[in-house]
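Since the structure comes first, as structure tokens, the remarks are kept for the end.
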Amino acid sequence: MLELRGVAYRYPGYARSVLQDLDIAIDRHEIVGLVGPNEAGKSTLCLVAAGLAPASIGGTLTGSVLMDGKPIAGLPVHELAAWVGLVFQDPNTQRSGVTGTVFEEVALGSVNLGRPVAETVARTRSSLATLRIEHLADRDPMRLSGGQAQLVAIASILAMEPRLFILDEPTAQLDPEGTRLVGQALRRLAATGTALLIAEHKTDLLDGLCTRIIALDGGRVVLDGPADTALESDGLTGIGIQPPARVRLARAIKASGLRVPDELEQVAAGDRSA
Amino acid sequence: MAWRRADQIDSATAPPARTGGASLSPADATYLASLAPPAPTTYHRLNPLTKAAAATVATLAAFILGGYIGPLTILVVGVLPAAFAAGILLKLGRFALLISLPVAVSVALVSVFTRAGETVLFVIGPFDATLEGVDFAGQIMVRLIVVAMALGLFGLTTDPRALVVDLEHRGMPPRVAFAAAATLETIPAMIDRATTIQAAQRARGLDTEGSLRARLRGVMPLIGPVILSSLTEVEERSLALEVRAFGRPGRRDLLWSLPDSSRQRFVRWLLLVVLVAVIAARVTGSMPAFL
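Same order as they appear, the protein sequences are chains A and B. Sequential numbering of the first sequence, starting at 678, is according to the working numbering. Sequential numbering of the second sequence, starting at 50, is according to the working numbering.
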């Protein structure tokens, strides 16, 4: 569905490319976790995949970005918005500021796409229900907790029904409760069948959710594989990414010389049924 | 006059909502109507354009008429009864006083002591307070109060969202509507950010308390970070709107609309005619003598 072929991107005014020689393809229904240390290029990759870079923020893009085999270069962002949705880190900057209720805030994207009112209402209700935030519908978007505001931001993109949903560190500015709420929302989002690309430091959030992990370092892909094996890879630790708690626990038990129970071995290997 | 549902928008002011083949259920239509800002009185429920027209005509007419009788007539016959009907008479009075007082005091001081005149009331140092100066200051203050009350009446009875939605229904581009509404939201956001940055600076030893001079000195290091972070936020906000297709050209089907009526349209035209008549009378010098 989304394909990046030999992509390199340089911000305006910068001499060095932030992304280099990227070849990434994301298929329908795939749930991809994007990890990497600070300044690895995760947010930039999100902007490029959503068509905002260079269309809105300038800079130089080489290579090609394809959606369903068609290049997106030159397409206006509002046209791409119906295909690719992007949720940013900060829930506060994603509020439009022009709506009085969460319902209107969630409906805004669909309204902007020029959809008829009945369709917008149906999509808005469905998004609120999917994320289980119907109870927030009549609340003022300015008076929500960080976690609730981020759920509203996710719902507002979901109401546009994009085929690829990109989330750029959606829990970076949230407290543990907000992170838990967003984590649950991501699982519900994954259950809808929408393809997801989630840039995130917190590997515990990605563990059990993603089917595939891509690790970036210095703007290049250094690891790309199935989530269960990738999250246990020493390669992640090598670039400063902390593996999920289950992997760390298993490693700690092994390092202490204790016997790892079979069930934990299975869990550590990604078999959650154990 | 009741607020109308999204599927009952007046065709004269806005096209009926497209429903894409499906129609809104009565429950959905009622819910969408409930999203409009609350309007507790008949005056609140007037179309924002009607209230804006009334405020504009009252303001301009007060200045064009000048003197005392014209502006006071506008105040007594138009603004005060409307404020009473809207249930905000006292609130509006306080608002108008707060807004016009600082300007009125400076105008009074400047006019009373600098306006040339034959009747000197008293002298302070090199300045003569003249009767002509007092008269001029009085006229200006009356106009200022009428303007403050007329605009205050509009502001206190009109939710900015209602105005923005109504203007968009009338063809104003969404970008302009957004700029107007977002500006109002930016101010509290900037104050919040300045408070956070100030706290961070104080944690690093910046003295922002004590004398006026110390406080002013404390403000200087805030200016750069507040402006820069505001610019960053503006960029993020604009990107977040873009991914929600905000830049898409063409019509949007808004979720709710505001009522308008042929009676209100007539009133707006009448206000315009009155304004033109006042301007014509002033230009041609045919203003009634009592004004």
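For every residue, glycine included, the Cβ atom is placed at its ideal position computed from N, Cα and C. Computed from a predicted structure; not experimentally measured.
- In terms of Cβ geometry, ILE843 (chain A) and LEU808 (chain A) do not form a close pair [threshold 9 Å].
- Taking a cut-off of 8 Å on C-beta distances, the region 183-198 of chain B touches the region 118-127 of chain B, as three or more cross pairs fall below it.
- The secondary-structure analysis by DSSP pairs LYS747 (chain A) across a beta bridge with A:MET744.
- Nearest neighbour of PHE295 (chain B) by Cα position, chosen from A:VAL788, A:THR778, A:THR770, turns out to be A:VAL788.
- Residue pairing by DSSP places TYR686 (chain A) opposite A:LEU696, A:LEU738 in a beta bridge.
- The contact set of LEU790 (chain A) on chain B, defined by CB atoms closer than 7 Å, consists of ALA294, ARG297 in chain order.
- Proximity to ILE701 (chain A) across A:PRO714, A:ALA730, A:ALA692, A:CYS723 peaks at A:CYS723, based on C-alpha coordinates.
- In the three-state reduction of the DSSP assignment, VAL191 (chain B) falls in the helix class, which pools H, G and I.
- In the displayed model, GLY220 (chain B) falls within coil according to three-state DSSP, outside both helix and strand.
- Within its own chain, the residues whose Cβ lies closer than 7 Å to the Cβ of GLY728 (chain A), once the five positions on either side in sequence are excluded, are ILE749, LEU752, VAL754, LEU757, VAL761, listed in chain order.
- Judged by DSSP in its simplified three-state form, ILE918 (chain A) adopts coil rather than helix or strand.
- Annotation for THR848 (chain A): GLN827, GLY855, THR856, VAL859, GLY860, GLU877, LYS879, LEU882 place their beta carbon closer than 8 Å to its own, counting only its chain and skipping 5 residues before and after.
- Beta-carbon to beta-carbon, THR207 (chain B) and LYS140 (chain B) are separated by about 14 Å, too far to satisfy the 8 Å threshold.
- If you compare the alpha carbons of B:PRO222, B:PHE171, B:ALA186 with that of SER149 (chain B), the shortest gap goes to B:ALA186.
- Contact residues of the region 851-881 of chain A toward chain B are absent (C-beta to C-beta distance below 8 Å).
- Residue burial annotation: ALA228 (chain B) is exposed, with fewer than 16 other C-beta atoms found within 10 angstroms of its C-beta.
- Secondary structure remark: continuous beta strand (DSSP E) runs of at least 3 residues inside the region 879-908 of chain A, in chain order: 889-894, 897-903.
- Taking C-beta separations shorter than 8 Å and ignoring five residues to either side along the sequence, the partners of MET190 (chain B) in its chain run SER149, ALA153, VAL156, ALA157, following chain order.
- The continuous beta strand (DSSP E) containing ALA876 (chain A) extends over residues 872-876.
- The three-state reading of DSSP puts VAL725 (chain A) in helix, counting H, G and I together.
- The Cβ atoms of LEU835 (chain A) and GLY740 (chain A) do not sit closer than 9 Å to each other.
- Contact between the region 759-773 of chain A and the region 274-286 of chain B is present: 3 or more CB-CB pairs across the two stretches fall below 8 Å.
- Neighbours of SER773 (chain A) across chain B, judged by C-beta separation under 7 Å: LEU290.
- ASP177 (chain B) has B:VAL172 as its beta-bridge partners, per DSSP.
- Taking the Cα positions, ARG253 (chain B) is about 10 Å away from GLN247 (chain B).
- Of all C-beta pairs linking the region 896-910 of chain A to the region 690-709 of chain A, three or more are shorter than 8 Å, placing the two stretches in contact.
- Contact between ALA726 (chain A) and VAL742 (chain A) holds, with the beta-carbon distance rounding to 7 Å and staying under 8 Å.
- Between the region 104-119 of chain B and the region 794-811 of chain A, the count of Cβ pairs shorter than 8 Å is below three; the stretches do not touch.
- In this structure, the alpha-carbon of GLY824 (chain A) lies about 32 Å from that of TYR686 (chain A).
- Neighbours of GLU282 (chain B) in chain A, taken as residues at a C-beta separation under 9 Å, are given in chain order as ASP767, ASN769, THR770.
- Cβ neighbours of ASP256 (chain B) within its own chain (closer than 8 Å, five residues either side excluded): ALA263, ARG266, GLY267.
- If you check the CB distance, ASP745 (chain A) and THR778 (chain A) do not come in under 9 Å.
- Between PRO223 (chain B) and ARG293 (chain B), the C-beta gap is not smaller than 9 Å, which leaves the two residues out of contact.
- Membership of PHE315 (chain B) in any beta strand (DSSP E) is not indicated; the residue belongs instead to the alpha helix (DSSP H) covering 311-333.
- In the three-state DSSP reduction, GLY182 (chain B) falls in the helix class (H, G or I).
- In this structure, DSSP gives GLU838 (chain A) a state outside helix and strand, which the three-state scheme calls coil.
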